[in-house]
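Asker:
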DNA sequence: CATGAATGAGTTTTCATTCAT
DNA sequence: AATGAATGAAAACTCATTCAT
């Protein structure tokens with residue numbers, strides 16, 4: 679939705695502006711982000727910004743889309759070559775986890791900006807067509823259903839709930855890894871790709887996938903019969 | 679952190695103010711929330727507010743604490759009587775899920791306000807002493823470790839990762855249930871306790887717990903040996 | 679429509695502000711009048727103005743009403759004592775002329791402000807309830823009808839048209855007198871009452887009234903019969 | 679005062695621009711009229727406009743002149759053929775009334791634009807060389823004097839005052855007719871020539887001229903002696 | 001202790017105008 | 001001659017906060 683004026687801008691100038699704009703809107707909530715401050719930092723005239731974008735909201739919506747693009751691109755390159763053909767749902771999950779973490783570490787500003795989008799005023803949120811939590815959930819749900827068809831996933835699982843659980847697990851992974859790496863989520867600086875040490879990340883992904891696959895319960899206690907019996911009993915109103 | 683002036687206020691007046699203040703800060707982001715609008719709605723003098731609270735930030739921090747209190751109280755009463763003594767970790771999880779959902783449905787404003795707290799400017803977030811995501815995580819971690827000690831949870835699980843996974847699952851439950859109930863997350867109106875139909879909620883909780891306990895993989899495929907073998911193999915660049 | 683804040687202002691401050699505000703809106707058209715300039719001149723904070731009035735339009739509408747009040751008051755005092763009881767329509771006209779001229783000379787700013795009101799954006803004009811050209815016209819029409827009833831005015835006159843003619847004559851008198859006095863309509867300074875020299879004004883009024891009463895046609899040519907015959911003939915496409 | 683660039687424009691383009699420019703400046707006061715809006719609507723480059731005109735003021739002054747030209751042209755054609763050679767002053771008045779009304783109905787935008795010219799900031803008004811109220815007055819005055827010479831008008835009339843009265847009557851005729859026709863002065867659409875129904879207009883003009891000629895006073899009361907005697911008496915402080 | 005007017009820096013946005021292409 | 005991006009001053013208006021009453 680930016681005007682053509684913006685799109686015709688020299689790539690360098692446009693890129694520079696985008697970095698600063700993303701920062702402004704990642705560091706402040708929507709109302710708190712200041713056009714005045716932004717243009718001052720970017721060294722462009724206030725009037726110019728309004729020749730690039732219709733208004734503050736237009737700018738914000740574009741920045742969100744832009745950030746999504748940046749992250750997606752990162753996912754695309756990150757995924758390339760890592761796994762052979764298509765892989766099952768667990769491979770997909772690992773891929774997503776990897777992408778999520780990569781995004782959180784390498785593009786923290788963009789990631790935070792997108793977070794903001796979810797909390798922005800309802801009037802704005804409504805215009806974010808690709809309400810991407812929803813999209814992500816639906817995608818995950820499709821994966822689950824497919825995996826149930828191939829027999830990879832237990833057929834008795836509620837697809838909706840399962841998709842939710844998996845999405846929640848993957849989605850929250852960024853902060854976890856940051857903590858593990860001893861980093862502050864606030865840091866503006868992108869973690870360079872080579873610091874995304876597989877030796878650190880892979881075990882985390884393994885652990886998560888292990889839980890996803892087999893659950894948390896102690897192994898021997900998982901006899902078929904006991905499992906069935908205990909299903910609701912264990913957790914429900916102490917009835918047992 | 680409110681001044682004593684506020685605490686000495688007639689309970690009625692104080693309560694009324696809190697409702698409106700929570701609404702203002704739940705409906706708008708921190709910068710967008712307006713003291714002027716709030717006092718106008720609440721019908722109190724602007725000067726009075728500044729005799730109750732030091733400044734906008736002080737008010738906000740207090741509202742967050744207040745909202746947490748409201749939700750906790752709800753959890754307390756919700757938990758009462760449902761489960762006997764303490765219960766295992768799965769019982770605890772069910773309890774937390776129940777509480778989370780209850781909070782999201784019965785106190786949507788407060789829930790949204792707390793969400794905002796996480797997205798507020800860094801300067802403010804730093805002052806939220808009980809950075810409650812952290813708290814929740816630590817609490818969950820303690821639960822996990824304890825459960826491993828009692829043998830309820832598999833001992834080979836990484837407590838940190840497990841705690842994260844569980845916290846993420848529980849935390850994201852609110853929206854899921856809202857969707858299931860066909861409700862809009864924006865709705866101001868608290869869903870009355872009696873609409874929290876157990877017949878709807880319990881199956882959801884069951885589904886989640888089933889996954890948590892046993893994982894998502896199809897049962898027969900879970901032979902011990904295969905599981906071990908496939909652990910990293912399946913999802914990891916096939917290299918091994 | 680000003681807020682009570684404005685009405686509670688010390689009379690002195692309020693009066694001073696009104697003078698400057700009237701000037702700003704008399705010297706500039708609505709869009710050109712500047713709130714910033716006004717508050718700077720008046721030495722009040724910009725925020726204060728917005729505690730007096732809701733917005734620019736609110737201020738303007740109030741100023742128009744205020745100006746009308748000033749002029750009306752002037753009319754009231756000007757009329758006092760000049761004519762005995764009520765008088766016929768011609769007395770009324772003389773009174774109105776006197777009032778109009780007095781207003782134009784003694785309160786030029788207010789008069790110009792009101793002129794502006796007629797030319798302001800339609801959205802604003804619609805809110806000027808007492809669209810006073812209309813009011814004046816209706817008043818005049820009533821006068822005419824009454825005078826026809828008493829036999830003072832010729833019964834064959836179209837009241838509508840007559841009212842229009844009389845209103846136009848009276849309304850345009852201000853500039854005429856200004857010119858006669860050798861004054862510039864732009865002058866901000868109010869002409870003091872004692873410069874409204876009756877020796878200058880009365881002959882003008884007399885002349886006008888003479889025309890109103892008897893018309894412009896040369897006397898001897900006004901034989902009853904000729905008059906009737908010539909009525910349309912003279913002025914209409916030479917048909918005769 | 680437009681630059682030659684403008685005059686060299688293809689007639690079609692120029693005409694189209696003028697229509698839109700007149701509309702912009704007729705619908706908004708001078709300060710409120712927007713060059714940006716105008717060029718956007720007209721589909722010309724902003725830079726181009728500044729190659730046609732020196733600045734906003736230059737454009738405005740030209741538009742006023744242009745509008746006057748349009749109206750005059752209309753008068754010229756309207757007058758054609760209606761009256762034989764020259765006619766007396768009353769014929770002239772009728773002609774002027776007809777022209778005025780025609781202008782108001784057929785070129786409302788241009789008429790409104792000219793109205794604005796009178797209310798524009800002093801700095802601009804000063805540059806409107808043909809301050810046409812003045813012009814009209816002087817023209818009318820010449821007419822009056824001439825008519826007095828030919829004996830058509832009473833010789834004792836003050837030419838200045840008479841000219842004023844006549845100009846005021848003619849000038850205000852537009853709105854009167856609009857009202858009579860049940861039209862809104864705001865309407866952009868020009869009333870087509872054939873809706874200027876003579877059957878409606880002529881009686882109005884007749885009524886006006888009747889007043890102008892013979893005055894408003896009831897006939898029998900107009901004996902020569904009484905008239906002289908009452909001249910000042912009637913209208914002046916009831917002294918008689 | 002309550003009040004609410006005063007404040008001026010702050011906001012987003014539009015403006016007329018310039019000038020390099 | 002035409003273009004339209006760049007400009008920054010200026011616009012109307014809101015803000016959190018203070019303070020005299």
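Protein chains in written order, with my numbering: chain Y, 679 to 918; chain P, 679 to 918; chain Z, 679 to 918; chain F, 679 to 918. Think of the CB as a built atom: it goes at the ideal place given N, C-alpha and C, for glycine as much as any other residue.
1) Could you list which residues in chain Y have their beta carbon closer than 8 Å to that of residue 707/P, in chain order?
2) Between which residues of its own chain and residue 724/P is the CB-CB distance below 8 Å, once the five residues before and five after are set aside?
3) Looking at the unbroken alpha helix (DSSP H) that takes in residue 784/Z, where does it start and where does it end?
4) Using the Cα positions of residue 685/Z and residue 731/Z, report the straight-line distance between them to the nearest angstrom.
5) So, residue 746/Z versus residue 788/Z, is the Cβ gap smaller than 9 Å?
6) List in chain order: all unbroken alpha helix (DSSP H) runs of 4+ residues lying wholly within the stretch 826-880 of chain P.
7) Alpha carbons only, please: which of 852/F, 706/F, 710/F and 728/F is nearest the one belonging to residue 681/F?
8) So which residues on chain Z does residue 842/F lean against when the C-beta distance must stay under 7 Å?
9) Going by Cα to Cα distance, which pick from 740/Z, 814/Z and 697/Z is closest to residue 847/Z?
10) Can you check which of these residues, 821/Z, 797/Z, 721/Z and 750/Z, is closest to residue 776/Z by C-alpha distance?
11) Under a CB-based cut-off of 9 Å, is residue 907/F close to chain Z?
12) Over what stretch of residues does the alpha helix (DSSP H) that includes residue 693/Z continue unbroken?
13) Evaluate residue 786/Z with the Cβ neighbour count: other Cβ atoms within 10 Å of its Cβ, from every protein chain shown; 16 or more gives buried, anything less gives exposed.
14) Relative to the C-alpha of residue 895/Y, which residue among 849/P, 800/P, 842/P and 826/P is closest?
15) At a Cβ threshold of 9 Å, is residue 714/P touching chain Y?
16) Under 7 Å Cβ-Cβ, which residues of chain Z neighbour residue 836/F?
17) Name, please, each residue of chain F whose Cβ falls closer than 7 Å to the Cβ of residue 896/Z.
18) Label residue 761/P either buried or exposed according to how many other C-beta atoms from any shown protein chain fall within 10 Å of its C-beta, with 16 as the threshold for buried.
19) Does chain Z have any CB closer than 9 Å to the CB of residue 860/F?
20) Under 8 Å, with one C-beta from each stretch per pair, do the stretch 874-885 of chain F and the stretch 873-888 of chain Z reach the 3-pair mark?
21) Strictly under 9 Å for the Cβ-Cβ distance: is residue 888/P near chain Y by that measure?
22) Report the residue from 690/Y, 839/Y, 689/Y and 688/Y whose alpha carbon sits nearest the alpha carbon of residue 816/Y.
23) What does DSSP give as the partner residues of residue 895/P in its beta bridges?
24) Put residue 885/F into one of helix, strand or coil per three-state DSSP.
25) Looking at residue 806/Z and residue 739/Z, is the spacing between their C-beta atoms short of 9 Å?
26) Please decide whether residue 700/F counts as near chain Z, where near means a Cβ-Cβ distance under 9 Å.
27) Do the CB positions of residue 794/P and residue 720/P come within less than 9 Å of each other?
28) State the Cα-Cα distance for the pair residue 882/F and residue 687/F, rounded to the nearest angstrom.
29) Is residue 881/Y close to chain P, meaning its C-beta is less than 9 Å from at least one C-beta of that chain?
30) How big is the Cα-Cα spacing for residue 691/Z and residue 743/F?
31) With distance defined between alpha-carbon atoms, name the residue in 792/P, 689/P and 748/P nearest to residue 706/P.
32) Give me the subset of the stretch 770-788 of chain Z whose CB atoms are less than 8 Å from a CB atom of chain F, sorted by chain position.
33) Starting from residue 716/Z, trace the alpha helix (DSSP H) in both directions and tell me its first and last residue.
34) With a threshold of 9 Å between beta-carbons, can residue 725/Y be considered close to chain P, or not?
35) Alpha carbon to alpha carbon, how far is residue 837/Z from residue 768/F? Give it in angstroms, no decimals.
36) Report the three-state DSSP secondary structure of residue 683/P (helix, strand or coil).
Answerer: On the basis of the supplied data:
1) Along the second chain, read from residue 1 onward, the residue named residue 707/P stands at position 29. Under a criterion of Cβ atoms nearer than 8 Å, the residues of chain Y adjacent to residue 707/P are, in order, 707, 708, 709, 710, 797, 798 and 799.
2) Translated into the one-based positions of the second chain, residue 724/P becomes position 46. 713, 714 and 717.
3) Taking the first residue of the third chain as 1, we reach residue 784/Z at position 106. Secondary structure note for residue 784/Z: its alpha helix (DSSP H) is the uninterrupted segment 767-784.
4) Working through the third chain from its first residue, we reach residue 685/Z at position 7. Working through the third chain from its first residue, we reach residue 731/Z at position 53. Put simply, the backbone Cα of residue 685/Z is about 10 Å away from that of residue 731/Z.
5) As a first step, residue 746/Z is located in the third chain; it is residue number 68 there, counting from the start. As a first step, residue 788/Z is located in the third chain; it is residue number 110 there, counting from the start. Less than 9 Å separates the beta-carbon of residue 746/Z from that of residue 788/Z.
6) Within the stretch 826-880 of chain P, the complete alpha helix (DSSP H) runs of at least 4 residues are 837-849 and 851-858.
7) By 1-based counting over the fourth chain, the position of residue 681/F is 3. Looking at the Cα atoms, 728/F is the closest of the given residues.
8) The residue you call residue 842/F lines up with position 164 of the fourth chain. The contacting residues are 850 and 854.
9) Here the question's residue 847/Z lines up with position 169 in the third chain. Nearest C-alpha to residue 847/Z: 814/Z.
10) As a first step, residue 776/Z must be located in the third chain, where it is residue number 98. Of 821/Z, 797/Z, 721/Z and 750/Z, the residue nearest in Cα terms is 750/Z.
11) Here residue 907/F refers to the residue found at position 229 when the fourth chain is read from its first residue. Residue placement at residue 907/F is poorly supported in this model, since its pLDDT is 35, which falls under 50; the coordinates still yield a value, given next. Under the 9 Å criterion on CB atoms, residue 907/F is classed as non-interfacial with respect to chain Z.
12) What you label residue 693/Z is simply residue 15 of the third chain in a count that begins at 1. Start and end: 689-705.
13) Counted from its first residue, the third chain places residue 786/Z at position 108. When all chains shown are included, residue 786/Z counts as buried.
14) The residue given as residue 895/Y occupies position 217 in the first chain. Checked all of 849/P, 800/P, 842/P and 826/P; the closest Cα to residue 895/Y is 826/P.
15) By one-based count along the second chain, residue 714/P stands at place 36. Judged by the 9 Å Cβ criterion, residue 714/P is not in contact with chain Y.
16) Walking along the fourth chain from the start, residue 836/F turns up at place 158. 885, listed in chain order.
17) Mapped onto the third chain, residue 896/Z falls at position 218. Taking a Cβ-Cβ cut-off of 7 Å, the neighbours of residue 896/Z in chain F comprise 829, 830, 831 and 832, given in sequence order.
18) For the purposes of this step, residue 761/P is taken as residue 83 along the second chain, with counting starting at 1. With a pLDDT of only 46 at residue 761/P, under 50, the local geometry of the prediction cannot be trusted, and the value read off the model is given with reservation. Residue 761/P comes out buried.
19) Along the fourth chain, one-based indexing puts residue 860/F at 182. Proximity of residue 860/F to chain Z, defined by a Cβ-Cβ separation below 9 Å, is not satisfied.
20) Below 8 Å, too few C-beta pairs join the stretch 874-885 of chain F and the stretch 873-888 of chain Z to call them touching: fewer than three.
21) Along the second chain, one-based indexing puts residue 888/P at 210. Closer than 9 Å to some Cβ of chain Y, the Cβ of residue 888/P qualifies, so yes.
22) On the first chain, residue 816/Y is found 138 positions in, with the first residue counted as 1. Nearest C-alpha to residue 816/Y: 839/Y.
23) The count along the second chain starts at 1 and reaches residue 895/P at position 217. Per DSSP, 831/Y.
24) Against the fourth chain, residue 885/F aligns to sequence position 207. Note: residue 885/F maps to helix in three-state DSSP.
25) Counting from 1 along the third chain, the entry for residue 739/Z is found at position 61. Counting from 1 along the third chain, the entry for residue 806/Z is found at position 128. By the CB criterion at 9 Å, residue 739/Z and residue 806/Z fall inside the cutoff.
26) Position 22 of the fourth chain, counted from the first residue, corresponds to residue 700/F. Chain Z contact via Cβ: absent.
27) Against the second chain, residue 794/P aligns to sequence position 116. Against the second chain, residue 720/P aligns to sequence position 42. Contact flag unset, no.
28) Looking up residue 882/F in the fourth chain gives position 204. Looking up residue 687/F in the fourth chain gives position 9. Cα atoms of residue 882/F and residue 687/F: separation of roughly 43 Å, rounded to the nearest angstrom.
29) Walking along the first chain from the start, residue 881/Y turns up at place 203. Cβ-Cβ to chain P under 9 Å: yes for residue 881/Y.
30) Along the third chain, read from residue 1 onward, the residue named residue 691/Z stands at position 13. Along the fourth chain, read from residue 1 onward, the residue named residue 743/F stands at position 65. Each residue's alpha carbon lies about 44 Å from the other.
31) Stepping through the second chain from its first residue, residue 706/P is reached at position 28. When only C-alpha atoms are compared, the closest one is 792/P.
32) Correct list: 771 and 772.
33) Along the third chain, read from residue 1 onward, the residue named residue 716/Z stands at position 38. Its alpha helix (DSSP H) spans residues 713-720.
34) The residue given as residue 725/Y occupies position 47 in the first chain. At least 9 Å separates the CB of residue 725/Y from every CB of chain P.
35) Along the fourth chain, one-based indexing puts residue 768/F at 90. Along the third chain, one-based indexing puts residue 837/Z at 159. Rounded to the nearest angstrom, the two C-alpha atoms are 21 Å apart.
36) The residue you call residue 683/P lines up with position 5 of the second chain. Residue 683/P: helix per DSSP, three-state reduction.
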